[in-house]
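Student: In my numbering, the protein residues as written are 8 to 464.
We treat Cβ as the ideally placed atom computed from N, Cα and C, and that holds for glycine.
I'd like to ask you about the structure that follows.
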């Protein structure tokens, strides 16, 4: 009997493991609320006749995701349902999300725009809190060998969930609206809004708005079916055996930082933080302006959009699994080093495209390579952050380190614009490659400090 596994068998095998399937569900749960309070919510407001200037302010409701580390210590300290710190918070936030979305579905942006925005803010806050609990659970339940693959599978679940609430909800809304064709409705309250002399054109407008509002309400209620499976599954989660709960709130707020900087000394801690900030810098520089780059080469918007939708998603999902499998084989540190080199090298595809000019196949290849390599880097970076976390303070330390990780990506925009304006596109992508290689060199030079700090080989 031949016991050798094919490549496809190796790709499928992780999902057959109960622990990895749990990572998929938790990643899925984490990603579900995101698009409901982002693009889908904005489109609901637009369909309801709200102008774009006012709609743009809705992006502010996502602020809790940026500052979630501020209340992460509460999750390290409080056992909210008495069934475990992690499981209790995961279940509480998931049930709260279902209630909030159900409440939102009963409102209309045309009639209650501020109330929906407030509920959207509460959804973001609850979702960010769920992320804290899920990340802490993943950190505590996965061993060193499982971290990279487990995180890769969790990100896959996250991406799938984003499709559900970013695309499927739009399909449902469109289906329930029947294309939003104006129909005549009769309502005794019509004159309360428009007076006694109501034009038939107004009736059609109100009819359309009401139909659209109802279609979104039905779409949100329908999408709740995709949420309910999460708490049902998490009811059977086994609470991880972690370190003792912090004795006081003071300890919960201060000790995570004291422990991190005292573990291997302040110098090592600062080096680690700088590496985390810079790890995906090369990838972020390329990503920040690549859409503008493609347009500058002469590609139309439809071509850019289709290429991104089709090739970026497929490349990301494959990259996550391949990266997770490689990391499981060679270990976290080696993968952390090798993937940083690979991410930097991927930008050379853009250099070639900038030299050659408009070429569809080269553009598609560049997108696929960037997202494939970027996905591997994402999986291993989160695995490294998990390894750097002390499980006693896993919620707080993970929230802080993941927030620091995003700092570099936020700051690259002005730098990328400056370099491109002075050295053109070739110069920008060569600069991103050089920065990536410098980060890789630092990772190699301080390899012993990284291994000691993360307690890995």
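Would residue 74 be called buried (16 or more neighbouring beta carbons within 10 Å of its own) or exposed?
Tutor: The residue is exposed, with fewer than 16 neighbouring Cβ atoms inside 10 Å.
Student: Just list the alpha helix (DSSP H) runs in the region 112-138, keeping only unbroken ones of 4 residues or longer that don't cross its boundaries, in chain order.
Tutor: The qualifying runs do not exist here; there are none.
Student: Let's see if you can read the secondary structure: which residues bound the alpha helix (DSSP H) around residue 168?
Tutor: Here the alpha helix (DSSP H) through residue 168 covers 151-170.
Student: Taking the alpha-carbon positions, what's the residue 151 to residue 394 distance?
Tutor: In a straight line, the C-alpha of residue 151 is about 7 Å away from that of residue 394.
Student: Less than 8 Å between the beta carbons of residue 117 and residue 330, yes or no?
Tutor: The answer is no: Cβ separation not under 8 Å.
Student: Roughly how many whole angstroms lie between the Cα atoms of residue 9 and residue 23?
Tutor: Bear in mind that the predicted position of residue 9 carries a pLDDT of just 49, short of 50, making it too unreliable to give a figure here.
Student: In terms of alpha-carbon separation, which member of 450, 447, 433 and 69 lies closest to residue 300?
Tutor: Taking only the C-alpha atoms, the option nearest residue 300 is 433.
Student: From what residue to what residue does the alpha helix (DSSP H) around residue 71 run?
Tutor: Counting along the chain, the alpha helix (DSSP H) containing residue 71 begins and ends at 70-73.
Student: Take residue 452 and list the residues in its own chain whose beta-carbon comes closer than 6 Å to its own, dropping the five residues that flank it on each side.
Tutor: Correct list: empty, nothing qualifies.
Student: Check this for me: beta carbons of residue 225 and residue 183, under 8 Å apart or not?
Tutor: Going by C-beta atoms, residue 225 is nearer than 8 Å to residue 183.
Student: Within its chain, find whatever has a CB closer than 8 Å to the CB of residue 303; leave out the 5 residues flanking it on each side and keep chain order.
Tutor: Only 432 meet the Cβ criterion.
Student: Suppose you measure from the CA of residue 87 to the CA of residue 407; what does that come to, to the nearest Å?
Tutor: Computed Cα separation, rounded: 22 Å.
Student: Quick check on the DSSP output: what are the complete alpha helix (DSSP H) runs of length 4 or more inside the region 255-341, in order along the chain?
Tutor: With a minimum length of 4 residues, the continuous alpha helix (DSSP H) runs that stay inside the region 255-341 are 256-270, 273-285, 288-304, 308-314 and 320-337.
Student: Thinking residue 440 and residue 289 are a contact (beta carbons under 8 Å), I'd like their distance in whole angstroms, please.
Tutor: Residue 440 to residue 289, Cβ: 7 Å. Contact.
Student: Counting Cβ pairs, one atom from each stretch, are 3 or more of them under 8 Å apart for the region 250-269 and the region 386-401?
Tutor: Flag = yes, the region 250-269 and the region 386-401 touch.
Student: Does the structure place the region 44-52 close enough to the region 62-78 that three or more beta carbon pairs sit under 8 Å?
Tutor: Yes, the region 62-78 touches the region 44-52.
Student: Where do the ends of the alpha helix (DSSP H) carrying residue 379 lie?
Tutor: Per DSSP, residue 379 belongs to the alpha helix (DSSP H) from 367-395.
Student: Using beta-carbon positions only, say whether residue 35 and residue 167 come within less than 8 Å of one another.
Tutor: It is a contact, given that the beta carbons lie within the stated cut-off.
Student: Using a 10 Å radius around the Cβ and a threshold of 16 neighbouring Cβ atoms, would you call residue 192 buried or exposed?
Tutor: Summary for residue 192: the model assigns pLDDT 37, below 50, so the residue's position carries little reliability; its value from the coordinates is reported in the next sentence. So residue 192 ends up on the exposed side.
Student: Comparing C-alpha positions only, which one of 57, 100 and 159 sits nearest to residue 121?
Tutor: It is 57 whose Cα lies nearest to the Cα of residue 121.
Student: On the criterion of 16 or more Cβ atoms from any shown chain inside 10 Å, does residue 132 qualify as buried, or is it exposed?
Tutor: By the neighbour-count rule (16 or more Cβ atoms within 10 Å), residue 132 is buried.
Student: Is it right to say residue 200 is buried, meaning 16 or more other beta carbons lie within 10 angstroms of its own, or is it exposed?
Tutor: Low confidence applies here, because residue 200 scores a pLDDT of 46, under 50, leaving its location unreliable and the question unanswered by this model.
Student: Whole angstroms is fine: what's the gap from residue 29's alpha carbon to residue 252's?
Tutor: Answer to the nearest angstrom: the Cα atoms are 24 Å apart.
Student: Here's the rule: buried if 16 or more other CB atoms are within 10 angstroms of the residue's CB, otherwise exposed. What is residue 462?
Tutor: Exposed is the call here.
Student: Along the chain, where does the alpha helix (DSSP H) containing residue 29 start, and where does it finish?
Tutor: 25-43 is the extent of the alpha helix (DSSP H) around residue 29.
Student: Need the endpoints of the alpha helix (DSSP H) that residue 455 sits in, please.
Tutor: It spans 454-461 - the alpha helix (DSSP H) in which residue 455 sits, taken as one unbroken run.
Student: How about residue 326 and residue 237: are their beta carbons less than 8 Å apart?
Tutor: In this structure, residue 237 does not lie closer than 8 Å to residue 326 by Cβ.
Student: Please state whether the Cβ-Cβ distance between residue 449 and residue 282 is less than 8 Å.
Tutor: For residue 449 and residue 282, yes; Cβs fall inside 8 Å.
Student: With H, G and I counted as helix, E and B as strand and the rest as coil, what does DSSP make of residue 252?
Tutor: Coil.
Student: Counting only the same chain and skipping the five closest in sequence on each side, list residues whose C-beta sits under 7 Å from that of residue 293.
Tutor: Counting only Cβ-Cβ distances below 7 Å, and skipping sequence neighbours, we find 354, 357, 377, 436 and 439.
Student: By alpha-carbon positions, which one of 425, 163 and 76 ends up nearest to residue 27?
Tutor: Looking at the Cα atoms, 163 is the closest of the given residues.
Student: Would you call the CB atoms of residue 446 and residue 285 closer than 8 Å?
Tutor: Yes; because the gap between Cβ atoms is below 8 Å, this pair is in contact.
Student: Any idea if residue 48 is buried or exposed, counting beta-carbon neighbours within 10 angstroms, 16 or more meaning buried?
Tutor: When all chains shown are included, residue 48 counts as buried.
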